[in-house]
Structures are given as C-alpha cells and as structure tokens.
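Here the structure is laid out as structure tokens; the discussion comes afterwards.
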Amino acid sequence: MPLLVTGAVGQVGTDLTAALRARHGADAVIAVGHRTPPSAAFRAAGPYETVDARDRDALDRLIRKHRIDAIYHLVTLLSGAGEQNPDLAWDVNLSTLKHVLDLAVHHKLAQVFWPSSIAVFGPTTPRLNTPQRTILEPTTMYGVTKLAGENLCHYYALRYGLDVRSLRYPGLITYKTFSGGGTSDYAVEIFIAAIERKHYTFFVNAQTAMPMMYMDDAMKATLDLMAAPADHITVRTSYNLGALSFTAAELATAVARRVPGFTWDHAPDFRQAIADSWPDSVDDGQARADWGWAPDYDLPTLVDTMLAGTAKRLGAKG
Ligand code: SER
Numbered sequence: 003m004p005l006l007v008t009g010a011v012g013q014v015g016t017d018l019t020a021a022l023r024a025r026h027g028a029d030a031v032i033a034v035g036h037r038t039p040p041s042a043a044f045r046a047a048g049p050y051e052t053v054d055a056r057d058r059d060a061l062d063r064l065i066r067k068h069r070i071d072a073i074y075h076l077v078t079l080l081s082g083a084g085e086q087n088p089d090l091a092w093d094v095n096l097s098t099l100k101h102v103l104d105l106a107v108h109h110k111l112a113q114v115f116w117p118s119s120i121a122v123f124g125p126t127t128p129r130l131n132t133p134q135r136t137i138l139e140p141t142t143m144y145g146v147t148k149l150a151g152e153n154l155c156h157y158y159a160l161r162y163g164l165d166v167r168s169l170r171y172p173g174l175i176t177y178k179t180f181s182g183g184g185t186s187d188y189a190v191e192i193f194i195a196a197i198e199r200k201h202y203t204f205f206v207n208a209q210t211a212m213p214m215m216y217m218d219d220a221m222k223a224t225l226d227l228m229a230a231p232a233d234h235i236t237v238r239t240s241y242n243l244g245a246l247s248f249t250a251a252e253l254a255t256a257v258a259r260r261v262p263g264f265t266w267d268h269a270p271d272f273r274q275a276i277a278d279s280w281p282d283s284v285d286d287g288q289a290r291a292d293w294g295w296a297p298d299y300d301l302p303t304l305v306d307t308m309l310a311g312t313a314k315r316l317g318a319k320g
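Every position in the sequence shown, counted from 1, becomes a number in the working numbering once 2 is added.
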C-alpha cells in the first residue's frame, strides 16, 4: 500500500500529499522533497524524506525501505523556469521520469501517476476546444519534456504493461503553495495583490486566456483517475482535463467585483509568447467518458475561495 510522492513540497505536491493522506492514512504516504524545505506543519503531518530524484539509486533505496507500491512523480521545472534553464529542465523533468518508470517495472509497482500539461500543445494546435488527439508541436522546453514524457509513459504501458496514468493539468490555482516558475502564475499572484491591497501588473495582456482549474478539482481528478478500473483507461499518454477558461481581464474584473478599488494593468514579458502558444480551452470528453470527470468550481466560486484562503494564509503568516 505505501505510496511515494516526489515533488511533495511543490504546488501540486502539497495538496496531493494531504489528499492522499486523507484517503489512505498519514503513514501510508511518504512525501519526498529536495531543495525546498517543508514547513514544520508539513513535516509533522507524516513521513518525509529528502532525495534528489535524479539519483536513481537513492530512489531505489527509498522504494525498498518503505516497500512502496505506487509512485506519484511530481518533480518538475515549470514553463517559465524551464525557459530560464532549458538544460536543467530537460534533466530534471525527463531523467527522473525515466528512473521512476524503470524502477516501477523492476519492483513491479501497482501504479505510477505523472502529470503532463497543456504545455504539450503549441501554436499549430487548434486553439479552441483542443481535441484529445491533435497536433503536438510545443515551443517551450517544458512542453518538449512533457510531450516526450507522455510518449515514454505510453511506451512503458505498452511494452511492460505498467499501469501508468497521466493528466494534462491546466494552469492550477491554489492559495496553499506558491512555487513560482509557471506561466499561469498570474492567476495566483492577482489574489495575493488583491488581499494586500496592492496594484497588480499582469505579465500577460488583457486578452490572454488559457485552460485553468482550481486545485481541489485537480486533486479530485487525480484521485478519481487513479481509482478507476484499469480497463477504463483508454489513454496512456495523458488525458486532456478542462474546467475553466477566462481572459486576464475577466479574472481581474471578477476580483474587482469582490475587492472594491482593486486596480491592475498589463506589462507582458517573455511569458506572453508561452501563453499565446497554448490553447484557450480543451476538449476533455475522453476523461469524462472513461472515468467520469466533471469539475466543481466555476469562476465566481474560485474567486471567493481564493480570496478567503489567501487572506487566511497571509494573515496567519503576519
Ligand atoms: N502551470 C504550468 C505553467 O504555467 C502549466 O502546466 O508552467
């Protein structure tokens, strides 16, 4: 039963470790971090190990030590960080995935989860309601590694019968962890500015839209995907996963409706080109048909939840 979560201190890992512990028990989930130190509360919540996932032998030792049965492999450099350091993104994103897949086969693990991203799409991909199977010509190193990783997962499923499952996460919005390095970060930063009663300058223009999702929906999708019977899983690359699509201007207007006096403007930087290369919305019909995917959060609910959560978090800090 024991599960390993790599990247456990990151944006997805913080929530996913908690969600898995709620479902399977605290001691059944081994959180693995590397550079970012976990908070005292995170350390107290269950088993924690420090390992660089590029070190195959260290991963191997962890799997043996805890008699691991499934791995949620979240370690990654996101799109913005990947453009600052493409070589590191290649190494961190792909060498660690190869280790995890090889060790999963070797130790006959029951399951592997690995997140892909809307970053596998590129400027030649249909922009609206992007199909599950479509043109995949990413223009970021992050997207290149996610696309290669999807194909590697597919190969291991076919060749070795490994039960590896994946989701193309949209931009994920949460108040619990701010890890940085992503192009969708403006949809988190805006809430911090609003709560601190500061002006917010978007690093993308007003018309920018991309698929977005509140973190709780992403957690529900991940747990539901992993709990589905194996014969329901018809996609072994990675599932499209949709929830929300709004422009930067629509998001700012929704925040201003709740925070009177909130102001913003736009100063696009290198991340504008990344955002422009991604779709506005995706068709997730296959995920809905195969394992019953349906999101819960709409934009007004997301805005209210993010404002309340961000206020609580910043208040608790200060
Ligand atoms: N949130 C990610 C990023 O912006 C997209 O997968 O890099």
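All C-beta atoms, glycine included, are put in the ideal place defined by N, C-alpha and C.
In this structure D286 is in contact with L243, their Cβ atoms being roughly 5 angstroms apart against a cut-off of 8 angstroms. Under DSSP, T203 takes part in a beta bridge, and its partners are D267. A contact is defined here as three or more CB-CB pairs under 8 angstroms, and the region 81–88 fails this definition with respect to the region 41–59. If you draw a straight line from the Cα of T127 to the Cα of K67, it is about 44 angstroms long.
Take R273, set aside five residues on each side of it, and the residues of its chain with a beta-carbon closer than 6 angstroms to its own are G82, T185, F205, in chain order. Secondary structure of R260 (DSSP, three-state): helix.
In this structure, T185 has its CB closer than 7 angstroms to one or more heavy atoms of the ligand SER. Contact annotation: the region 253–268 does not touch the region 104–120, with fewer than three C-beta pairs closer than 8 angstroms. F180 sits in coil when the DSSP states are folded into three classes, being neither helix nor strand. The Cβ-Cβ distance between I235 and T142 does not fall below 8 angstroms. Exposure of R259 is indicated by the presence of fewer than 16 other C-beta atoms within 10 angstroms of its C-beta. Among the bridge pairs identified by DSSP, Q113 is matched with A72. Rounded to whole angstroms, L5 and I175 show a C-alpha spacing of 25 angstroms. 8 angstroms or more divides the Cβ of W295 from the Cβ of M212. With a cutoff of 8 angstroms on beta-carbon distance, Y177 and I192 are scored as not near each other. Shortest Cα-Cα distance from D89 to any of P270, V146, V107, T239 involves V146. Between the beta-carbon of A220 and that of Y158 there is about 23 angstroms, and that puts the pair past the 8 angstroms contact cut. Looking from the CA of V94, the closest CA among A121, A55, F123, A254 belongs to A55. Distance from the CA of L304 to the CA of Y216, rounded to the nearest whole angstrom, comes to 6 angstroms. Short note on G151: C-beta not closer than 7 angstroms to any heavy atom of the ligand SER.
The beta carbons of P140 and V122 sit closer together than 8 angstroms. Beta-bridge analysis with DSSP links G35 to T52. DSSP places R66 in the uninterrupted alpha helix (DSSP H) bounded by 58–67. For G173, the shortest C-beta to heavy atom distance toward the ligand SER is below 7 angstroms. For L103, the number of other beta carbons within 10 angstroms of its own is at least 16, and it is reported as buried. Within the same chain, no Cβ atom closer than 7 angstroms to the Cβ of R45 is found once the five residues on either side in sequence are excluded. The closest heavy atom of the ligand SER lies less than 7 angstroms from the beta carbon of G82.
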